[in-house]
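In the numbering used here, the protein residues as written are 30 to 409. One structure below.
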Ligand SMILES: Cc1cc2nc3c(=O)[nH]c(=O)nc-3n(C[C@H](O)[C@H](O)[C@H](O)COP(=O)(O)OP(=O)(O)OC[C@H]3O[C@@H](n4cnc5c(N)ncnc54)[C@H](O)[C@@H]3O)c2cc1C
């Protein structure tokens, strides 16, 4: 068959470009398809933790040319006060997603992947191959990696309900004078989430608001921008899937990144998990000799990540519910304890995973925390 690729990657965001980059690096014939010509806009805070930077570096991709600013200090504001995370190394590096995504896609193309602009409407699996059906053409490959984001048509085609377990976030590029080289995370503006100000250099700031509860937070965002003394630009919103899809793999198809529901419910961080799952899917594909083996290998390799993120969901209930809404009102917060702040830094940098936060601590904060506080109040 003419033009049969080893793998078609649908979507050229961080998950798709990383899948294409790794697959091409491993010698596979790769086609990456996106409905937009790059560079394109993606609503995002553009905050990269150091585990993202390290992952890219490990794969041979240096980011310096697309990093707009770095924050070695992060201010966290909640009902109990303001807390400072500080490090000698950057905690968050800020990128502009149009530039960052274009850079990752270019890296995949340099590695040998082909790229076409087309909107895919579905896939059709046959015995030996898969058809990816686009608005302009049909493309043929042995496997498909679906990296088509939060509203993934392929995730839906596999039978997933893509509205389930989805957070919502809004952002704008604001202008004016605010803090430089410092990231601000403010939990007092919205329930079950936070607003942020990330500096992008030259008087530009990525300002946003997001919550694990679905809603339209445009008005709160515009007020927040004005309260911090900045001028808002166009406001854009987008879902963030924070629960792994029920079905992330079928014989010749694997979901990665947002399409697979792999963002962190506590922080909304999705870029790392997108790139990591994309790279893992490509690696698994290279080392599997049949569709059945591919499906089972990908599920096996992605499971620890899913377990990690589902624990993060419980931690988000502790952070936004118990720590902020209950303890915060009494002027108490786990953020005031230096070991908590260090643990957060370690999780952000990738030197600790959520499952290393003892399960007993998570259970204690979610189940027993409120009882302890009530007892404290009742007994003075
Ligand atoms: C407001 C906001 C702020 C955020 N801030 C951060 C942050 O600071 N740090 C962080 O780590 N994460 C953040 N996230 C999450 C992060 O943006 C996502 O988790 C990440 O973009 C997921 O990458 P992806 O490649 O899986 O999907 P996307 O980046 O969404 O890429 C999907 C690609 O698929 C293409 N596509 C979609 N459908 C089709 C189709 N049918 N055919 C062809 N192509 C298609 C799209 O055009 C797109 O290019 C934020 C999210 C939001 C909404």
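Note that the Cβ used here is the ideal one computed from N, Cα and C, for glycine as well. On a predicted model such as this, the values are computed, not experimentally measured, just so you know.
Query                                                                                                                                                                         : Result
So what's residue 158 in DSSP terms, helix, strand or just coil?                                                                                                              : coil
DSSP three-state label for residue 380, please.                                                                                                                               : coil
When you compare only the Cα positions, how much space is there between residue 56 and residue 35?                                                                            : 10 Å
Considering just the uninterrupted stretch of the alpha helix (DSSP H) at residue 203, what are its terminal residues?                                                        : That residue, residue 203, is in no alpha helix (DSSP H); its beta strand (DSSP E) goes 195-204.
Please state whether the Cβ-Cβ distance between residue 286 and residue 44 is less than 8 Å.                                                                                  : yes
Given residue 266, which residues of its chain have a CB within under 6 Å of its CB, disregarding the five upstream and five downstream residues?                             : 199
Verify the contact flag: residue 204, CB atom, against every heavy atom of ligand 1, threshold strictly below 7 Å.                                                            : no
Check whether the stretch 211-226 and the stretch 167-179 touch, using three or more Cβ-Cβ pairs below 8 Å as the test.                                                       : no
Using DSSP's beta-bridge definition, name the partner residues of residue 73.                                                                                                 : Partner(s): none; residue 73 has no beta bridge.
Is the Cβ-Cβ distance between residue 161 and residue 59 less than 8 Å?                                                                                                       : no
On the premise that residue 281 lies in contact with residue 10, defined as a C-beta separation below 8 Å, what is that separation, rounded to the nearest angstrom?          : Outside the shown range of the chain, which is 30 to 409, sits residue 10, and nothing can be said about it.
Mind checking whether residue 242 and residue 225 have CB atoms under 8 Å apart?                                                                                              : no
Closer than 7 Å to a non-hydrogen atom of ligand 1 - does that hold for the CB of residue 316?                                                                                : no
Pull up the DSSP beta-bridge partners for residue 330, would you.                                                                                                             : In DSSP, residue 330 forms no bridge with anything.
Quick one, are the C-beta atoms of residue 201 and residue 264 less than 8 Å apart?                                                                                           : yes
Among 108, 133 and 74, whose alpha-carbon lies nearest the alpha-carbon of residue 93?                                                                                        : 133
With H, G and I counted as helix, E and B as strand and the rest as coil, what does DSSP make of residue 316?                                                                 : coil
List the endpoints of the continuous beta strand (DSSP E) containing residue 169.                                                                                             : 167-175
Excluding the five sequence neighbours on either side, which residues of its own chain have a C-beta within less than 6 Å of the C-beta of residue 54, listed in chain order? : 140
How is the beta strand (DSSP E) around residue 140 delimited, first residue to last?                                                                                          : That residue, residue 140, is in no beta strand (DSSP E); it is neither H nor E in DSSP.
Put residue 36 into one of helix, strand or coil per three-state DSSP.                                                                                                        : strand
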